[in-house]
Amino acid sequence: MSFVRALVAAGPSARLAAGRVTASHITLAYRWHSTAPRDPLLNTQPKDRLDVEAPIRSPGVKTYSAADEVGKDYDPYKDGPSAIDKAVHLFFFTEIIRGMWIVMEQFFRPPYTIMYPFEKGPLSPRFRGEHALRRYPSGEERCIACKLCEAICPAQAITIESEARADGSRRTTRYDIDMTKCIYCGFCQEACPVDAIVETQNQEFSTETREELLYNKEKLLANGDRAEAEIAANLHCMLSLACGLFHKLMTCQCSGSCLPVTHWIEGCESEA
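Following my numbering, the numbering of the sequence shown begins with 1 at its first residue and continues without gaps.
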């Protein structure tokens with residue numbers, strides 16, 4: 001079928017070369033001889049369907065259509081680089097010189113990389129890493145066994161068991177976190193009313209066995225005791241930033257103008 005279409009298109013192509021037919025006539029002729037399904041309304045002669053001028057027999061006179069007007073001034077041989085430009089780029093290695101210039105320009109700039117783990121980049125106070133349980137300054141555990149963190153955990157990685165104390169309050173007897181399930185969303189930290197469970201900035205806690213990633217209460221308390229100063233500074237920074245954003249929001253709503261909160265951020269960075 002492709003061979004038949006080629007033969008059909010050969011006639012209009014020859015007439016186009018002779019100047020007797022335009023590109024619009026070839027398109028209509030090809031659609032007329034095509035075997036693809038057509039609209040019954042198109043089963044008429046192209047001249048009856050569309051207002052097409054009759055081809056001019058004189059080879060010296062041309063007939064232009066809207067399709068011809070679009071690209072009549074385009075010349076691919078004039079828009080590209082000249083032969084002299086190509087010769088200059090070829091024999092003088094301008095592309096290589098340009099590439100080496102970029103290399104030398106970057107060579108004298110300070111490096112963007114650091115020697116990890118000997119050098120470490122800054123981390124955000126909101127960074128969510130290894131979990132930890134906190135204590136009060138008196139040494140008492142902060143956790144009140146409300147189990148909000150267990151309920152909100154989308155991965156169901158937290159398991160808590162509790163018992164009642166003599167004064168009627170509750171304490172946890174079991175606090176397990178399966179770190180292989182944790183997705184580090186931070187929901188447990190947000191849900192805790194007493195800031196007992198937090199996520200530290202420690203990201204280097206890889207283990208050799210799976211059992212070592214099953215954290216119990218003692219492991220979590222040890223993490224909290226080791227990083228208490230860092231945890232307190234990060235929580236204070238996030239609280240200050242939240243207060244600054246709230247103050248900015250209330251100022252915008254009340255007076256219609258926004259105050260900058262850079263002083264809150266600078267205070268957090270200095271204290272952290």
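Every residue gets a Cβ at the ideal spot worked out from N, C-alpha and C, and that includes glycine.
With respect to the beta strand (DSSP E) encompassing residue i, which residues constitute its N-terminal and C-terminal limits?
i      : result
Ala227 : Per DSSP, Ala227 belongs to no beta strand (DSSP E) and is neither H nor E.
Leu133 : 131 to 133
Ile160 : 158 to 164
Bridge partners of residue i, per DSSP?
i      : result
Asp178 : Leu214
Ile197 : Leu133
Glu141 : Arg135
Thr172 : Ser162
Where does the unbroken alpha helix (DSSP H) through residue i begin, and where does it stop?
i      : result
Thr94  : 94 to 107
Leu148 : 148 to 152
Tyr123 : Note on residue identity: the sequence assigns Leu, not Tyr, to residue 123. Here Leu123 belongs to no alpha helix (DSSP H), and DSSP marks it neither H nor E.
Cys188 : 187 to 191
Ala155 : Segment: none, Ala155 is in no alpha helix (DSSP H) and carries neither H nor E.
Ile84  : 83 to 91
What do you get for residue i, buried or exposed, if any count of 16 or more other CB atoms within 10 angstroms of its CB means buried?
i      : result
His247 : exposed
Ile160 : buried
Val103 : exposed
Tyr112 : exposed
Cys243 : exposed
Gln203 : exposed
Arg134 : buried
Gly224 : buried
Glu212 : exposed
Ile84  : exposed
Hey, how far is the Cα of residue i from the Cα of residue j?
i      : j      : result
Phe187 : Ser206 : 22 Å
Ser240 : Pro125 : 11 Å
Phe92  : Phe118 : 45 Å
Leu235 : Ala222 : 19 Å
Cys146 : Cys185 : 19 Å
CB-CB under 6 Å to residue i, same chain, minus the five flanking residues each way: which ones, in chain order?
i      : result
Val198 : Ala132, Gln189, Ile231
Asn274 : Summary: the structure shown does not reach residue 274, with the chain confined to residues 1 through 272, and so no result is reported for it.
Pro40  : Note that Pro40 scores 49 on pLDDT, short of 50, meaning its location in the model is unreliable and no value can be drawn from it.
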